[in-house]
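Under the numbering used here, the letters of the sequence shown match residues -1 to 336, in that order.
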Amino acid sequence: MLSERRLQVLRAIVQDYVGTEEPVGSKALTERHNLGVSPATVRNDMAALEDEGYIAQPHTSAGRIPTDKGYRLFVDKLAGVKPMTAPERRAIQNFLDGAVDLDDVVARTVRLLAQLTRQVAVVQYPSLTRSTVRHVELLSLAPARVMLVLITDTGRVEQRMVDCPAPFGETSLADLRARLNSRVAGRRFADVPQLVEDLPDGFDPEDRGTVATVLSTLLETLVEENEERLMIGGTANLTRFGHDFPLTIRPVLEALEEQVVLLKLLGETQDPGMTVRIGHENAHEGLNSTSIVSVGYGSGGEAVAKLGVVGPTRMDYPGTMGAVRAVARYVGQILAES
């Protein structure tokens, strides 16, 4: 365990390096920070921090910079994240309140996060498997063709065309719509198959085939594997940090193109808490020079998806964590009210 004084020196090194982009020397530390000890003591503390792998010397004559291990300890020992100011909170609310549907909410959230943190923003769409059914709409397009519209509690809308085995009248369609919603509205997706299992039995024999076809399409919509969707924005922000990536930015950009990689990095949705993965803690080699800050969002205290940012390890962790958490809270409120 580090002593409180050495932890204070490490904090000062991280803050200065993030702010100046320059390796930090002992003289600069004692001038900028009220550490209450002599420059010689600071030099000794820095030597000890280097021996323990918390800081490193990039060049022989340079100061020190934090390592992944140093950033990790800094984040773990944070007393709190940097709160958003009242004007920033109002700006977030005003920007997100203008959204007209779920796609717009996600698109606005990506833009907002990228602007606030000046990094790459990643927002996962609410997962169907963790949603509940708000309403099922059935619309007649032709005598034997129906459009099925599934609306979730998170505002997600899924549409499917259903080709029926026989013509299906408006009266029968209205009857199916009413009976279907009476069973599934407000219920979790996982419960729906059991709830509609015997529904065809209540219809006339000539209509049962069509009812079964509509239900089959509904159930397929609930379990589709391609539901995990992401939106990414602010990739151009990475060009501002060219010198933070040792060789080239290309591996980072290639990793960002792989949605499966990003979904794994955001972490399990069931864990709604703040997650910070630093440097080599990211399993994907292309992202070893980045940090990922993510958190769950949702309504009613339950996370339905995650959002976060990807940036260089030299990032303003308290500010980034504060922005990510604040945006997630507002998105959750919008979903709850929608």
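The beta carbon of each residue, even a glycine, is placed where N, CA and C say it ideally should be.
Item                                                                                                            : Value
Identified DSSP bridge partners for Arg186                                                                      : Thr130
Three-state class that DSSP yields for Tyr328 in the structure shown                                            : helix
Contact set for Ser170: own chain, Cβ-Cβ below 6 Å, skip 5 residues either direction                            : Asp205
Beta-carbon proximity of Lys304 to Ser292, cut-off 8 Å                                                          : yes
The segment 314 to 324 touching the segment 76 to 87, judged by at least three CB pairs closer than 8 Å         : yes
Span separating the alpha-carbon of Val274 from that of Gln257                                                  : 19 Å
Closest residue to Val250 among Val108, Pro310 and Ala10 (Cα-Cα distance)                                       : Pro310
Tyr328 classed as buried or exposed, judged by whether at least 16 other C-beta atoms fall within 10 angstroms  : buried
Pick from His278, Val22 and Ser129 that is closest to Glu226, judged by C-alpha positions                       : Ser129
Met145 - containing beta strand (DSSP E), residue span                                                          : Arg143 to Thr150
Own chain partners of Glu300 with C-beta closer than 8 Å, once the 5 adjacent residues on each side are dropped : Arg128 and Pro270
Leu33 versus Ser297: straight-line alpha-carbon distance, rounded                                               : 44 Å
Under the three-state DSSP convention, the category Ile276 falls into                                           : strand
As assigned by DSSP and simplified to three states, the class of Met82                                          : coil
Contact set for Pro124: own chain, Cβ-Cβ below 8 Å, skip 5 residues either direction                            : Leu100, Thr150, Thr152, Gly153, Arg154, Gly296, Val302, Ala303 and Leu333
Unbroken beta strand (DSSP E) run spanning Asp161, endpoints                                                    : Val155 to Asp161
Close Cβ partners of Ala26 (< 6 Å) along its chain, the five nearest in sequence each way excluded              : none
Among Val259, Val307, Leu0 and Val121, the one whose alpha carbon lies nearest that of Gly330                   : Val121
Val307 and Leu111 closer than 8 Å at C-beta                                                                     : yes
Range of the contiguous beta strand (DSSP E) that encloses Val291                                               : Thr288 to Tyr295
Three-state class that DSSP yields for Gly23 in the structure shown                                             : coil
Integer Cβ distance of Val22 from Gly61, believed to fall under 8 Å                                             : 4 Å
Range of the contiguous alpha helix (DSSP H) that encloses Ala210                                               : Pro203 to Val221
Proximity below 8 Å, CB of Arg175 to CB of Leu148                                                               : no
Cross-strand partners of Val120 (DSSP beta bridge)                                                              : Ile230 and Gly306
Simplified DSSP assignment, three categories, for Asn224                                                        : Unreliable placement is indicated for Asn224, whose pLDDT of 47 sits below 50; the coordinate value is still reported in the next sentence. Looking at Asn224 - three-state DSSP - the assignment turns out to be helix.
Own chain residues within Cβ distance below 7 Å of Gly265, not counting five before or after                    : Thr273, Ser292 and Lys304
Cβ shell of Tyr315 (< 6 Å), same chain only, five flanking positions each side left out                         : Val73
Whole-angstrom distance between Leu228 and Ala45, CA atom to CA atom                                            : 44 Å
Beta-carbon proximity check, Arg312 vs Val118, cutoff 8 Å                                                       : no
For Phe201 and Arg177, the rounded distance between their alpha carbons                                         : 10 Å
Nearest-angstrom Cα separation, counted from Lys262 out to Asp66                                                : 20 Å
8 Å contact criterion, which Val7 and Leu71 should meet: CB distance rounded                                    : So it is not a contact: roughly 12 Å between Cβ atoms.
Assumed close pair Ala164, Ala142 - CB separation to whole angstroms, cut-off 8 Å                               : 6 Å
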